[in-house]
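Residue numbers (our numbering), protein chains in the order written: chain E, 129 to 241; chain P, 3 to 117. Before any comments, here is the structure.
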Amino acid sequence: AQSVTQLDSQVPVFEEAPVELRCNYSSSVSVYLFWYVQYPNQGLQLLLKYLSGSTLVKGINGFEAEFNKSQTSFHLRKPSVHISDTAEYFCAVSKASGYALNFGKGTSLLVTP
Amino acid sequence: DTEVTQTPKHLVMGMTNKKSLKCEQHMGHRAMYWYKQKAKKPPELMFVYSYEKLSINESVPSRFSPECPNSSLLNLHLHALQPEDSALYLCASSPSLTRAGYEQYFGPGTRLTVT
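This is the structure we're talking about:
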């Protein structure tokens, strides 16, 4: 079965600083990878996804992620964060042959002035 | 329209009450999902509907009863809940179960408190 590990439960960062949220996956089959963001008291919103092709994926709100098959990672990055990026971020994986999403435990990003 | 709507936003119910949560999407999606999310945790899948038929029940207690009246609507009927059922209930939809790679579109959730 495929699974996801988000290596940091909390990431504090100052406004305008760069940030990386780490995600590693394990699977014996081809997978699709997703990053979702959840703002306080809201549902989940897709930031970006990797299905195939270019390993560098650009998403909304200035986020990007790089798929690294050899390191089984899909880390999320943003070069300069805003206060409004404060939220919970979930990495998720699905089998290339299936629909079910397996979520990581989430990383809480806290951006302070 | 890429929106999934959920009503109500908040619900407080006693353990003997019967209530329902509603979810609606008009994206033509044929797969719809119910998730339960506790604070600071990822969503946990409860039910999956495909073409209005229940495809997956993740061993959810019978006090939760899903219903899919048509391709746009998904309900979750609640009866005799326990305080530990208090959580954010999220609805999601995706174009299909039969092709992978589709993201799921989530609604804003219903915050349920069982007293």
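All C-beta atoms, glycine included, are put in the ideal place defined by N, C-alpha and C.
Query: State the DSSP-derived secondary structure class of P45 (chain P), mapped to helix, strand or coil.; Result: coil
Query: Is there contact between the region 12-28 of chain P and the region 159-176 of chain E, where contact requires at least three CB pairs shorter than 8 angstroms?; Result: no
Query: Among residues of its own chain, excluding the 5 on either side of S236 (chain E), which ones have a beta-carbon nearer than 6 angstroms to its beta-carbon?; Result: Q138, E216
Query: Locate the beta strand (DSSP E) running through P71 (chain P), then write down its first and last residues.; Result: 66-72
Query: State yes or no: is the C-beta of W36 (chain P) within less than 7 angstroms of the C-beta of M48 (chain P)?; Result: yes
Query: Please list the terminal residues of the continuous beta strand (DSSP E) segment that includes E192 (chain E).; Result: 192-196
Query: Compare the beta carbon distance of L172 (chain E) and F191 (chain E) with 7 angstroms and say whether it is the shorter of the two.; Result: no
Query: Taking only beta-carbon positions, decide if F108 (chain P) is within less than 7 angstroms of chain E.; Result: yes
Query: Decide yes or no for the touch test of the region 83-95 of chain P against the region 103-112 of chain P: beta carbon pairs closer than 8 angstroms, at least 3 of them.; Result: yes
Query: How far does the beta strand (DSSP E) with N59 (chain P) in it reach, from first residue to last?; Result: 55-59
Query: Could you list which residues in chain E have their beta carbon closer than 8 angstroms to that of S61 (chain P), in chain order?; Result: Within 8 angstroms Cβ-Cβ: nothing; S61 (chain P) doesn't reach chain E, min ~14 angstroms.
Query: In three-state terms, what does DSSP make of E86 (chain P)?; Result: helix
Query: Under a CB-based cut-off of 7 angstroms, is Y167 (chain E) close to chain P?; Result: no
Query: Kindly list the residues whose CB is nearer than 6 angstroms to the CB of S154 (chain E), restricted to its own chain and excluding five residues on each side of it in sequence; keep chain order.; Result: S131
Query: If you follow the beta strand (DSSP E) that K233 (chain E) is part of, which residue opens it and which one closes it?; Result: That residue, K233 (chain E), is in no beta strand (DSSP E); it is neither H nor E in DSSP.
Query: Under a three-way DSSP split, which group does S98 (chain P) fall into?; Result: coil
Query: Where T117 (chain P) and P85 (chain P) are concerned, what is the direct C-alpha to C-alpha distance, given to the nearest angstrom?; Result: 6 angstroms
Query: Under 7 angstroms, Cβ to Cβ, is there at least one residue of chain E near L92 (chain P)?; Result: yes
Query: Tell me whether N189 (chain E) sits in a helix, a strand or coil according to DSSP, three-state version.; Result: helix
Query: Mind checking if P44 (chain P) is an interface residue toward chain E, Cβ cutoff 7 angstroms exclusive?; Result: yes
Query: Between E5 (chain P) and chain E, is any beta-carbon pair separated by less than 7 angstroms?; Result: no
Query: Could you run through the region 60-82 of chain P and flag, in chain order, every residue whose CB is less than 9 angstroms away from some CB of chain E?; Result: none
Query: Given that a residue counts as buried once 16 or more other Cβ atoms are within 10 Å of its Cβ, and exposed if not, what is Q199 (chain E)?; Result: exposed
Query: Could you tell me the distance, in whole angstroms, from the CA atom of P146 (chain E) to the CA atom of P10 (chain P)?; Result: 38 angstroms
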